[in-house]
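A.B. asks: The listed protein sequences correspond, in order, to chains A and B.
Oh and the first sequence: position 101 is 101 in this note's numbering, straight run, nothing missing.
Each number in this note's numbering corresponds to the 1-based position in the second sequence with 1000 added.
I'd like to ask some things about the structure below.
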Amino acid sequence: MSDLDEAGRTLIALADDAHDPTDIDRARVRAALARRLGAAAGLGFGTVAGVGATAKAAVGAGGVASAGGAGAAVAGGALTAKLVGVALVVTTAVGFGAGVKFARRSPDAPAAAKSSEVHAHRKVAAAPVVAAPPAAPVAVALEPPAPLAPAPVREQSTIEEVSPAKPIVRPAVRHEARRNEAPPIEAPPAPTTPPPAIETPAPIEAGDVTGAVARRPSAPPTAAGDPACAPAPASQSGVAGEARLVTEGVRALRSGRSACALSLLDTHARAFPEGVLAEERDAERALALAALGRTAEARIAAAAFLRRYPASLLGARLHRLADAAR
Amino acid sequence: MRQRWLRRPHDPAQGLAGGRARRRTWFAKVYDAHFTFVWRSARRLGTPEANLDDVVQEIFMVAFRRQDEFEGRSSVKTWLYGIVFNVVRAHRRELAQKHPEVIDGDRRADSDRLIDSGEGPQEHLSKREAARFIDSFLDSLDDDRRAVFVLAELEQLTAPEIAAVVGAPLNTVYSRLRLARVEFSDAIGRHRARDARRTP
């Protein structure tokens, strides 16, 4: 219904793509949305292939302010997206199991934890995302990482293949069901070097922990940390390393290696406290704690997650977690 | 490949995730297919550059929440335009209340921004100049005319579609468009005159 003179039409035609987003814009917003909407948005399933390269080009050309950040955000978009797809599956499976478990199981915290309830509470409140303890026993990963996870990490370019929930869900569910009957820690513990102190900034203030959570003693961090499960965080920096940690963590959790999963997620928490995948990490971490039977910590982590990401749909399972053992 | 996956029938074994899975694919598809125009029209409708990320996110958040509403409509695009329009308008109103200088600054800046275009290949230059001109022209319009002009002339929606998007009677749309076009011609005239003075 255009009815402009030629000069006007020419101007408009010339400016036609002036307001279009760049691939960086697209990926950045996508990553942000994936974080806000959680897995339900399914933003993990788009095609973001090649965006990384575009980002680099743009960065090289100086076309983007805070170039490094933008590049990271772009890659994060793709990876977050992928991870979210995986996370939904895992969350579904583990969340249900964990919820049930929570209703029945009392925290298997050592008695010492009770006497130092307040102390433990403060500690957790200060850094609820974190649990890697000094002198932690370690779960040895006996299984090779690949067999149970057909797709999630392999493809970097075609994300579609990553996420068909169907093939992944069933083994995960089956495994969870099995695991609910079995002791939560599946691998023989072995002593190892304690992980370094954790620097995760507190997602919640100390006063923020609800009475309900504080009433029960939190189990002191007990498990997890294995060289095999915790690849050097520095081996891959940036989003790639971040994604690998979380992806491997999710995979470990899904395949029943909960301690390994926790170790990986804690490594991520130390290396990337505010990483692109922090939301996924925090959610999975709470679920890993639950899978390990560390209910009090799991509950606190879940509550912290829900406060930190109130809009996240990853939170659906965590609600169960946070509420179940009250 | 992707399409095929998206159409894969729902597997009841997915249980709780099933409904969401369908929804998820739909939403992701909408995002991929329409992100560009959502972003573009949010800009054109007057979202300040600095707030664009937030506004576009908000638009998709609203779309996500309202996707059930969409069912049965014929055009995702028109539906989305409606959301874009409403979110941007709400954003601009809020902005006008809290930071009137941003919106007013837009209006005042008008055509002065056209002058220094920097250097570069001729085509690039004129493209950029055209973009600046359009931007400052849009900023000079009031929000109602701006919306109609953007949707009609830049986004090529039909008048009935625009009426649906902005929630105004068809006649109002036509009259706003007419007025906006007059302003556009005037702006072009002024621009030419200035150009002529600069390059004799």
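Note that CB positions come from ideal geometry on N, CA and C, so glycine has one too.
Fair warning: this is a prediction, and the values are worked out from it, not measured in the lab.
1. My assumption, with CB atoms under 8 Å, is that B/L1141 sits in contact with B/R1044. Please give the rounded CB distance.
2. Excluding five sequence neighbours on each side, which residues of the same chain lie with their C-beta closer than 8 Å to the C-beta of B/H1034?
3. Along the chain, where does the alpha helix (DSSP H) containing A/R349 start, and where does it finish?
4. Tell me the DSSP secondary structure of A/S263 in three-state form.
5. Taking buried to mean at least 16 other C-beta atoms within 10 Å of its own C-beta, is A/A125 buried or exposed?
6. Pull up the CB-CB distance for B/V1056 and B/A1042, whole angstroms please, since I reckon it's below 8 Å.
7. Which residues in chain B sit within 8 Å of A/V29, going by Cβ to Cβ distance?
8. Straight-line CA distance for B/A1130 to A/I12?
9. Looking at chain B, is there any beta carbon in it that lies within less than 8 Å of the beta carbon of A/I12?
10. Which same chain residues, not among the five before or five after B/I1162, have their C-beta less than 7 Å away from its C-beta?
11. At 8 Å on the CB atoms, spell out the chain B contacts of A/A26, in chain order.
12. Run through the stretch 1025-1079 of chain B for me and flag every whole alpha helix (DSSP H) of 4 or more residues, listed as ranges in chain order.
13. Could you check which residue in A/G293, A/A278 and A/G256 has the C-alpha nearest to that of A/A304?
14. Could you check what DSSP says for A/G315 in three-state terms: helix, strand or coil?
15. Looking at chain A, is there any beta carbon in it that lies within less than 8 Å of the beta carbon of B/Y1081?
16. Nearest by alpha-carbon distance to A/A15: which of B/F1133, B/A1168 and B/F1184 is it?
17. Name the residue from A/A261, A/A27 and A/R299 whose alpha carbon lies nearest to the alpha carbon of A/R244.
18. Could you tell me whether any Cβ in chain B is nearer than 8 Å to the Cβ of A/G315?
19. Report the neighbours of B/A1196 on chain A: residues whose CB is nearer than 8 Å to its CB, in chain order.
20. If contacts are defined as beta-carbon pairs under 8 Å, then A/V250 and A/E284 qualify, I think. What distance do you get, rounded to the angstrom?
21. Kindly list, in the order they appear in chain B, the residues whose Cβ is closer than 7 Å to that of A/L33.
22. For a contact meaning CB atoms closer than 8 Å, what does A/D20 contact in chain B?
23. So A/A302 is in the alpha helix (DSSP H); what residue range does that whole segment cover?
24. Would you check if the distance between the CB atom of B/V1030 and the CB atom of B/G1082 is smaller than 8 Å?
25. Indicate the three-state DSSP secondary structure (helix, strand or coil) for B/A1163 in the structure shown.
26. Rounded to a whole number of angstroms, what is the C-alpha to C-alpha distance between A/G275 and A/A259?
27. Considering only their Cβ atoms, is the gap separating B/G1046 from B/V1138 smaller than 8 Å?
28. List the endpoints of the continuous alpha helix (DSSP H) containing B/A1168.
29. With distances taken Cα to Cα, identify the nearest neighbour of B/N1171 among B/A1159, B/A1180, B/V1182 and B/H1091.
30. Using only alpha-carbon positions, find the residue among A/A288, A/R294 and A/D282 that is nearest to A/R307.
31. Specify, as a first and last residue, the run of the alpha helix (DSSP H) that B/F1149 falls within.
32. Rounded C-beta distance between A/L318 and A/A286? I'm assuming under 8 Å.
33. Given a threshold of 16 other Cβ atoms within 10 Å of its Cβ, counted over all protein chains shown, does A/P310 qualify as buried or as exposed?
34. How long is the line joining the alpha carbons of A/T267 and A/R26, rounded to whole angstroms?
35. Do you know offhand how far B/R1194's Cα is from B/K1127's?
C.D. replies: Short version:
1. As a first step, residue 1141 of chain B is located in the second sequence; it is residue number 141 there, counting from the start. As a first step, residue 1044 of chain B is located in the second sequence; it is residue number 44 there, counting from the start. No, B/L1141 and B/R1044 are not in contact; Cβ-Cβ is about 11 Å, not under 8 Å.
2. Against the second sequence, residue 1034 of chain B aligns to sequence position 34. Within the same chain, B/H1034 has close Cβ partners V1076, K1077 and L1080.
3. For residue 349 of chain A there is no data in the structure shown, the boundaries of chain A being 1 and 326.
4. Numbered from its first residue, the first sequence carries residue 263 of chain A at position 263. Here A/S263 sits in helix by DSSP.
5. Start at 1 with the first residue of the first sequence, and residue 125 of chain A comes out as number 125. With a pLDDT of only 37 at A/A125, under 50, the local geometry of the prediction cannot be trusted, and the value read off the model is given with reservation. Result: buried.
6. Along the second sequence, one-based indexing puts residue 1056 of chain B at 56. Along the second sequence, one-based indexing puts residue 1042 of chain B at 42. Yes, B/V1056 and B/A1042 are in contact; Cβ-Cβ is about 5 Å, under 8 Å.
7. Your numbering for residue 29 of chain A matches position 29 in the first sequence. Neighbours of A/V29 on chain B, chain order: F1035, W1039, D1053, V1056, Q1057 and F1060.
8. The count along the second sequence starts at 1 and reaches residue 1130 of chain B at position 130. The count along the first sequence starts at 1 and reaches residue 12 of chain A at position 12. So the alpha carbons of these two residues sit roughly 7 Å apart.
9. Taking the first residue of the first sequence as 1, we reach residue 12 of chain A at position 12. For A/I12, the answer is yes, since a Cβ of chain B falls inside 8 Å of its Cβ.
10. As a first step, residue 1162 of chain B must be located in the second sequence, where it is residue number 162. Excluding positions up to five away in sequence, the list reads V1148, L1151, A1152 and V1173.
11. On the first sequence, position 26 is the one that residue 26 of chain A refers to. Here the sequence assigns Arg to residue 26 of chain A, which means Ala is not the residue at that position. By Cβ distance, chain B contributes F1035, T1036 and W1039.
12. 1052-1065 and 1067-1070
13. To locate residue 304 of chain A, count along the first sequence from 1; it is residue 304. Ranking the options by Cα distance to A/A304, first place goes to A/A278.
14. For the purposes of this step, residue 315 of chain A is taken as the residue at position 315 of the first sequence. Looking at A/G315 - three-state DSSP - the assignment turns out to be helix.
15. Counting from one through the second sequence, the residue named residue 1081 of chain B turns up at place 81. No, its Cβ sits nowhere closer than 8 Å to a Cβ of chain A.
16. Counting from 1 along the first sequence, the entry for residue 15 of chain A is found at position 15. Residue B/F1133 is the option with its Cα nearest to A/A15.
17. For the purposes of this step, residue 244 of chain A is taken as the residue at position 244 of the first sequence. Looking at the Cα atoms, A/A261 is the closest of the given residues.
18. Start at 1 with the first residue of the first sequence, and residue 315 of chain A comes out as number 315. So no, A/G315 is outside the interface.
19. Residue mapping note: residue 1196 of chain B aligns to position 196 of the second sequence, counting from 1. Result: empty, since nearest Cβ-Cβ is about 13 Å, beyond 8 Å.
20. Counting from one through the first sequence, the residue named residue 250 of chain A turns up at place 250. Counting from one through the first sequence, the residue named residue 284 of chain A turns up at place 284. Rounded, the Cβ-Cβ distance is 6 Å, consistent with contact.
21. The residue given as residue 33 of chain A occupies position 33 in the first sequence. Simply Q1057 and F1060.
22. On the first sequence, residue 20 of chain A is found 20 positions in, with the first residue counted as 1. Under the 8 Å cutoff, chain B gives T1036, W1039 and R1040.
23. As a first step, residue 302 of chain A is located in the first sequence; it is residue number 302 there, counting from the start. Note, A/A302: alpha helix (DSSP H), T295 to R308.
24. Working through the second sequence from its first residue, we reach residue 1030 of chain B at position 30. Working through the second sequence from its first residue, we reach residue 1082 of chain B at position 82. Not a contact, by the Cβ cut-off of 8 Å.
25. Here residue 1163 of chain B refers to the residue found at position 163 when the second sequence is read from its first residue. Helix at B/A1163.
26. In the first sequence, residue 275 of chain A corresponds to position 275, counting from 1. In the first sequence, residue 259 of chain A corresponds to position 259, counting from 1. Roughly 22 Å separates the two Cα atoms.
27. To locate residue 1138 of chain B, count along the second sequence from 1; it is residue 138. To locate residue 1046 of chain B, count along the second sequence from 1; it is residue 46. The residue you asked about is not Val; residue 1138 of chain B is Leu in the sequence shown. Cβ distance < 8 Å, so B/L1138 and B/G1046 count as in contact.
28. Translated into the one-based positions of the second sequence, residue 1168 of chain B becomes position 168. No alpha helix (DSSP H) contains B/A1168, which DSSP labels as neither H nor E.
29. Start at 1 with the first residue of the second sequence, and residue 1171 of chain B comes out as number 171. Nearest option by C-alpha distance: B/A1159.
30. Locating residue 307 of chain A in the first sequence gives position 307, where the first residue counts as 1. Here the closest residue by C-alpha is A/D282.
31. The residue labelled residue 1149 of chain B in the question sits at position 149 within the second sequence. That run of the alpha helix (DSSP H) goes D1143 to F1149.
32. Along the first sequence, one-based indexing puts residue 318 of chain A at 318. Along the first sequence, one-based indexing puts residue 286 of chain A at 286. Yes, they are in contact, since the Cβ atoms of A/L318 and A/A286 sit about 6 Å apart, within 8 Å.
33. What you label residue 310 of chain A is simply residue 310 of the first sequence in a count that begins at 1. By the 10 Å Cβ count, A/P310 comes out exposed.
34. Within the first sequence, the letter at position 267 stands for residue 267 of chain A. Within the first sequence, the letter at position 26 stands for residue 26 of chain A. Roughly 29 Å separates the two Cα atoms.
35. Here residue 1194 of chain B is taken as the residue at index 194 of the second sequence, counted from 1. Here residue 1127 of chain B is taken as the residue at index 127 of the second sequence, counted from 1. When rounded, the distance between both Cα atoms is 18 Å.
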